[in-house]
Amino acid sequence: MAEVTMKVNGKAVTKSVKGNTLMTDFLRDELRLTGTHVGCDTSQCGACNIHVNGSLVKACTMFAAEADGAEVSTIEGQSAADGTLNVIQQAFQDHHGLQCGFCTPGMVMAAASLLKENPKPSEAEVRDYLEGNICRCTGYHNIVKAILAASGQDVSAIAAE
Amino acid sequence: MYSFDMVRPTSVADAVSALGQEEAQALSGGQTLIPTLKQRLASPSVLVSLTGIAEMQGVCREDSGDLAIGGGTTHATVAAEAASIYPALAKLAGGIGDPAVRNRGTIGGSLANNDPSACYPAAALGSGATIVTNTREIAADDYFQGMFTTALEEGEIITSVRFPVPEAAGYAKFEQPASRFALTAVYVAKYADGVRVAVTGASENGVFRWTEAEAALSSNFSPDAVAGLSLSGDDMISDLHGTGAYRAHLVGVMTKRAVAAAG
Amino acid sequence: MPKDHGIGASPKRREDVRFLTGAGNYTDDINVHGQAYVYFLRSDMAHGKINKIDTSAAADMPGVVRIFTGADFEGVGGLPCGWEITDKNGAAMKEPAHPVLAIGKVRHVGDPVAAIVADSLEQARDAAEAIELDIEELPAVVDMPRALQADSPLVHDDLADNLCYDWQFGTDTETTDKAFAAAAHVTTLELVNNRLVANPMEPRVAVGDYSRANDESTLYTTSQNPHVIRLLMGAFVLGIPEHKLRVVAPDVGGGFGTKIFHYAEEAFCTFASRQINRAVKWTSSRSEAFMSDAHGRDHVTKIELALDADNNFTAVRTNTHANMGAYLSTFSTSVPTWLHGTLMAGNYRTPAVQVNVKAVFTNTVPVDAYRGAGRPEATFQLERVIDQAARELGVDPIALRRQNFISEFPYETPVAVVYDTGDYVATMDKMEELIDIAGFPARRAESEARGMLRGLGVNCFIEACGIAPSNLVGQLGARAGLYDAATVRVNATGSISVMVGAHSHGQGHETVFPQVVAEMLGIDESMIDIVHGDTSKIPFGMGTYGSRSLAVCGSAMVRATEKIINKAKKIAGHLLEASEADIELKDGQFSVAGTDKSVAWGDVTLAAYVPHNYPLEDIEPGLEETAFYDPSNFTYPAGAYACEVEVDPETGKVTIEKFVSADDFGNVINPMIVEGQVHGGIAQGIGQALLENCSYDENGQLLSASYMDYAMPRADDLPHMSQYQVDHSCQTPCTHNPLGVKGCGEAGAIGSPPTVVNAVLDALNSGGHNVAHIDMPVSPARVWAAING
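Protein chains in written order, with numbering that gives the first Met the number 0: chain P, 0 to 160; chain E, 0 to 262; chain A, 0 to 788.
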């Protein structure tokens with residue numbers, strides 16, 4: 000067991016973890032932040048995406064011990080304190096970018112990373128960036144739409160091109 | 000996962016000493032190792048994380064003109080920081096896995112693992128890179144020794160990789176539709192003393208150089224130069240996603256496209 | 000202006016907020032104090048005889064609570080099959096035992112051999128490695144024709160052979176043979192409908208929680224139909240009466256059919272929790288899901304189409320082998336028969352249609368319903384053979400389809416169903432408009448200029464949804480009714496809880512169902528909540544599958560709401576001192592026709608619960624009504640899809656360049672949700688056509704056992720927004736349910752696979768490659784092999 004200290008969604012936490020404790024287990028079991036989901040065991044589906052020091056990371060493929068000293072943010076930290084959805088979350092709702100909701104936290108976290116790196120992505124860039132996020136419900140159409148809309152672009156104009 | 004301890008040394012020296020422990024294993028980005036651990040296919044007693052070692056981080060151009068990349072440098076960093084120096088390599092790095100994987104996976108981890116379908120081995124072999132470890136320097140031609148096998152000794156750490164920067168280079172990857180690893184991919188680099196062609200994803204023996212194509216391209220660096228060449232599918236990987244013959248065919252097509260991409 | 004509320008509007012989904020903020024409550028998010036964890040030790044052999052399972056060393060490992068094997072389930076029932084098929088000779092299908100944990104033999108990779116319950120999952124896994132298994136490997140059979148040979152290994156030793164049933168349906172053999180003998184042209188194709196894994200993103204989870212205080216078991220599970228699980232598990236497996244068994248399916252992360260069925264892990268967790276008096280939790284890993292979730296499709300078919308000299312279809316005959324896997328999953332037997340054979344007429348007035356199906360046991364994971372279930376298999380055969388006939392005859396595939404369309408309704412097909420309504424010309428017209436047929440030659444020329452081949456594929460389909468009249472399915476062998484139920488509970492202040500038998504796992508019922516009730520009552524949707532997924536809260540309903548939620552459960556909800564309105568009018572009549580017959584309900588106000596006298600919704604509901612001024616002599620207080628609805632027929636959504644692909648002749652890679660759908664779903668309650676369902680269905684259909692392949696080697700080892708080898712469609716596999724359109728403007732309302740709805744959940748998955756394959760073949764043939772068929776998934780390697788064949 001080793002002690003780790005990190006900031007999760009702005010709040011400092013210190014816990015003892017085992018060497019093999021994954022970030023997914025740490026968040027879900029230790030911190031009860033169950034919005035980070037586990038959809039595969041081969042690091043492909045992206046349902047567990049979080050941000051570590053501002054970078055998009057698959058929480059299922061990182062040990063909690065490696066996040067010692069890091070700033071971590073999860074889906075639970077994306078909306079405002081009063082519950083107001085952030086611009087990406089709101090776009091997902093506006094454009095029906097989710098159905099069962101299981102992949103959604105990872106999608107929202109990936110979208111946030113994309114828009115930070117590339118504030119006005121093309122549709123092709125959005126689709127390419129989502130390579131590590133699998134959704135089985137939506138066919139991605141409305142997810143792509145939501146992300147483009149969240150970037151402030153005119154979605155109907157893009158669709159009409 | 001089996002249980003193990005985790006240490007996070009901050010220097011190569013400390014990492015080397017940690018790796019001297021019984022059943023110790025290096026953890027670089029973990030993007031391949033962690034899924035393996037989940038399946039209980041490895042049982043280290045201690046994992047030595049290399050991600051906290053500052054001296055293994057970063058991309059720089061050396062006085063010789065070569066590009067040096069720290070062994071612990073992530074694919075995302077290479078994609079961003081090598082772009083102005085060695086664009087084909089940066090592009091390759093930017094196409095490995097997905098954005099989250101690129102933020103954790105490292106060049107040293109990829110080369111140490113030497114997955115037969117990984118991208119970096121093609122770039123290293125295709126560029127005639129030098130693999131620098133804590134004890135020595137290994138030429139790429141000597142480093143890759145077959146699928147998941149390298150010249151690395153137990154406990155040896157890739158501290159950096161040195162790439163001679165070519166006049167032109169290109170990488171063409173045909174993706175396996177599920178894993179998005181290379182079903183077959185070809186890296187082509189043109190140097191003053193000739194062209195190197197490295198193929199990944201195809202062979203049962205891991206990454207290899209296609210010497211006939213190198214000869215043809217050295218005299219005429221254009222996609223047409225390889226038109227008449229072909230490889231046998233006999234030693235190629237044959238699986239759910241394609242036969243050996245298909246992969247052998249793709250080597251030709253991807254070589255052409257890599258040359259075209261090199262411009 | 001589109002409506003902003005009620006039927007036909009697209010309000011934002013209310014369930015989204017919890018999912019977008021990480022506040023969803025999925026089964027794996029549920030932890031019961033003191034729970035133990037179970038790890039299933041699964042067979043790594045496809046077929047083997049269990050000589051001995053020695054758990055003694057493992058039982059002493061740290062944290063181990065108890066280890067269970069098949070022997071612990073002596074006297075406990077096996078997992079039941081919910082549908083009995085009668086074969087063509089009148090005999091009942093073969094129905095082998097399906098133990099919770101393997102007894103005597105293992106029959107597929109993934110068959111659970113032992114269950115280790117421990118304080119932690121890792122401890123359970125450690126102990127699993129200490130179990131000594133003596134399993135003698137037996138030859139496995141994977142290939143269906145091989146399984147039917149006399150010398151094949153037997154999956155079940157107590158059965159005479161591996162044939163579950165040999166089923167024949169539709170037109171009699173003499174008539175069918177005559178039609179073929181008289182044909183001017185016969186087109187024949189042999190096809191594989193590839194085995195798929197449903198892969199909802201949430202893996203299955205089960206938490207069994209026994210309470211000694213009241214001898215009650217609760218099962219939290221990832222299910223599409225909690226009452227079905229309670230019925231099957233309580234009555235057939237564990238012998239727990241319904242009032243002592245509660246099944247809760249909370250937020251469920253997608254189902255697509257694979258979460259309909261009752262699984263061993265659910266029964267195990269419920270059983271083990273009673274045994275050890277402690278909650279037991281199981282969370283499937285994705286790798287485990289590949290070998291324990293029921294798979295889908297896996298048909299091998301020969302289809303023949305007979306045409307007369309004028310290209311009228313005169314007969315269709317199919318011979319299909321349907322893989323059942325090693326055991327009969329819950330609804331497995333109905334899929335290749337009643338959900339498949341009845342659709343073999345398609346949209347066409349073919350006078351003779353004969354369907355033959357042999358269901359076969361193999362050493363593979365059980366196969367059951369997956370999105371579309373039987374209907375995609377039927378559509379694929381028919382629409383592929385029609386396309387091939389058009390090519391052989393040198394006629395336009397669209398014209399050939401149009402010429403043979405059914406155009407008068409109701410229409411009784413030779414395969415027993417009666418299509419109540421439809422307009423196949425309208426959807427075909429719409430599809431042609433959306434794909435811009437006229438512009439195709441120019442687009443093809445542009446692709447060819449870049450060295451690519453371009454093809455256009457079309458497809459028409461019909462499905463039977465809203466499953467279905469109970470008395471009919473009972474005659475056909477269903478062992479359950481297929482009605483649904485809703486309770487509308489109006490509270491004193493006028494707010495409403497609607498308890499429904501349908502289960503929402505992505506479909507947005509919590510948003511859509513209130514739209515209907517709000518429209519009927521003229522009140523705000525925000526006053527209405529939907530309750531689903533908990534047998535202790537909802538009436539007995541059959542859950543969600545087969546595109547049935549609105550058509551069946553929605554109809555029950557309408558009937559219950561009508562009862563509410565009738566009673567509320569009586570109350571209002573009393574309050575307004577008017578005859579009930581003169582009371583009108585509009586915009587949440589009850590008024591007396593032709594007067595300005597009115598009373599608000601909330602005053603009536605308050606009166607129902609505070610009945611001081613109330614017609615107690617005539618009616619009871621309270622305002623709560625339940626309705627069970629049993630449909631009189633299936634619904635028949637239909638559509639026409641088109642797709643354009645580019646094929647790279649150098650690599651064989653296919654890309655979808657354009658895709659459009661024109662669906663007729665009847666009336667549409669929420670267009671946004673309907674389109675979302677179609678998007679998802681199309682992606683799964685494109686996945687089946689181009690990417691997905693669940694593959695076994697000849698020894699029964701699963702080759703595609705993770706996302707490393709099973710290709711899930713991703714965002715960059717699908718067409719861009721500007722080249723993609725889904726349309727549901729052609730609407731012929733269902734004639735026999737109160738909402739006129741037909742169901743939209745499966746259409747995309749049914750309509751798209753043949754569309755894509757037809758387009759690929761069109762592209763190849765346009766390039767001079769004379770290819771009649773490529774099996775799905777139409778992978779680059781297969782296309783390249785076909786080109787170079």
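By construction, the Cβ of each residue, glycine as well, lies at the ideal position given by its N, Cα and C atoms.
Just so it is clear, the structure is predicted and the values come from calculations on it, not from any experiment.
- In the assembly as shown, Asp309 (chain A) is an exposed residue. Its beta-carbon has fewer than 16 other beta-carbons within 10 Å.
- Note that the stretch 17-34 of chain A does not touch the stretch 517-536 of chain A; fewer than 3 beta-carbon pairs, one per stretch, sit closer than 8 Å.
- At least one beta carbon of chain E lies nearer than 8 Å to the beta carbon of Gly18 (chain P).
- Using a Cβ-Cβ cut-off of 8 Å, Tyr262 (chain A) does not count as an interface residue toward chain E, since no Cβ of chain E sits closer than that to its own.
- In the DSSP assignment, Ile668 (chain A) falls outside any beta strand (DSSP E) and carries neither an H nor an E.
- DSSP places His339 (chain A) in the coil class of the three-state scheme, outside both helix and strand.
- What Leu32 (chain P) touches in chain A, judged by beta-carbon distance under 9 Å, is Gly21, going in chain order.
- Pairing Thr220 (chain A) with Gly81 (chain A), the inter-Cα distance amounts to about 19 Å.
- The beta carbon of Leu392 (chain A) sits closer than 7 Å to those of His184, Asn310, all from its chain and outside the five residues before and after it, given in chain order.
- In terms of beta-carbon proximity, Ala99 (chain E) lines the interface with chain P, with at least one pair separated by less than 8 Å.
- For Thr73 (chain P), the chain A residues whose Cβ falls inside 8 Å of its Cβ are Gly21, in order along the chain.
- Against chain A, the CB of Met55 (chain E) has no partner CB under 8 Å away; the residue lies outside that interface.
- Annotation: the stretch 19-102 of chain A contains the following complete segments of the alpha helix (DSSP H) (minimum length 4 residues), in chain order: 55-58.
- Secondary structure note for Asp93 (chain P): its alpha helix (DSSP H) is the uninterrupted segment 86-93.
- Taking 8 Å as the upper bound for CB-CB distance, Arg101 (chain E) and His74 (chain E) are in contact here, some 4 Å apart.
- In this structure Cys39 (chain P) does not touch Gly505 (chain A) by the C-beta definition: roughly 18 Å separates them, more than the 8 Å allowed.
- Closest by C-alpha distance to Cys59 (chain P), out of P:Gly105, P:Val7, P:Arg126, P:His140, is P:Gly105.
- Only exposed fits Thr492 (chain A), as fewer than 16 other CB atoms lie within 10 angstroms of its CB.
- Taking a Cβ-Cβ cut-off of 7 Å, the neighbours of Thr242 (chain E) in chain A comprise Ala780, given in sequence order.
- Runs of the beta strand (DSSP E) lying entirely within the stretch 379-465 of chain A, each at least 3 residues long, are 452-461 in chain order.
- Counting C-beta pairs with one atom in each stretch, the stretch 58-74 of chain E and the stretch 155-165 of chain E have three or more that are closer than 8 Å, which means they touch.
- In summary, the residues of the stretch 184-198 of chain A whose CB is separated from some CB of chain P by less than 7 Å are Asn198, in the order they occur in the chain.
- Close CB contacts of Met143 (chain A) within its chain, under the 7 Å cut and outside five residues either way in sequence, are with Val299, His320, Asn322, Val359, Thr361 (chain order).
- Cβ-Cβ distances below 8 Å link Arg211 (chain A) to Asn276 in the same chain, with the five nearest sequence neighbours on each side left out; the list follows chain order.
- At a C-beta separation below 9 Å, Pro176 (chain E) has no neighbours in chain P, since its nearest C-beta there lies roughly 12 Å away.
- In the DSSP assignment, His508 (chain A) falls outside any beta strand (DSSP E) and within the unbroken alpha helix (DSSP H) covering 508-520.
- Neighbours of Asp153 (chain P) in chain A, taken as residues whose beta carbon is under 7 Å from its own, are absent, since the nearest beta carbon is some 12 Å off.
- Each residue's CA atom was taken as its position, placing Ala278 (chain A) and Tyr36 (chain A) some 8 Å apart.
- Between Ile495 (chain A) and the set A:Ala463, A:Glu411, A:Gly621, A:Gly542, the nearest pair of CA atoms involves A:Gly621.
- At least one CB atom of chain P sits nearer than 8 Å to the CB of Tyr706 (chain A).
- Closest in alpha carbon position to Gly421 (chain A), among A:Val16, A:Ala746, A:Asp3, A:Thr731, is A:Thr731.
- Taken atom to atom, the span from the alpha-carbon of Gly7 (chain A) to that of Glu509 (chain A) is near 16 Å.
- In the three-state reduction of the DSSP assignment, Ala344 (chain A) falls in the coil class.
- At a cut-off of 8 Å between beta carbons, Arg203 (chain A) makes no contact with chain P.
- Counting along the chain, Phe162 (chain E) sits inside the beta strand (DSSP E) bounded by residues 157-162.
- For Asn490 (chain A), the closest C-alpha among the options A:Ser546, A:Asp528, A:Gly456 is that of A:Asp528.
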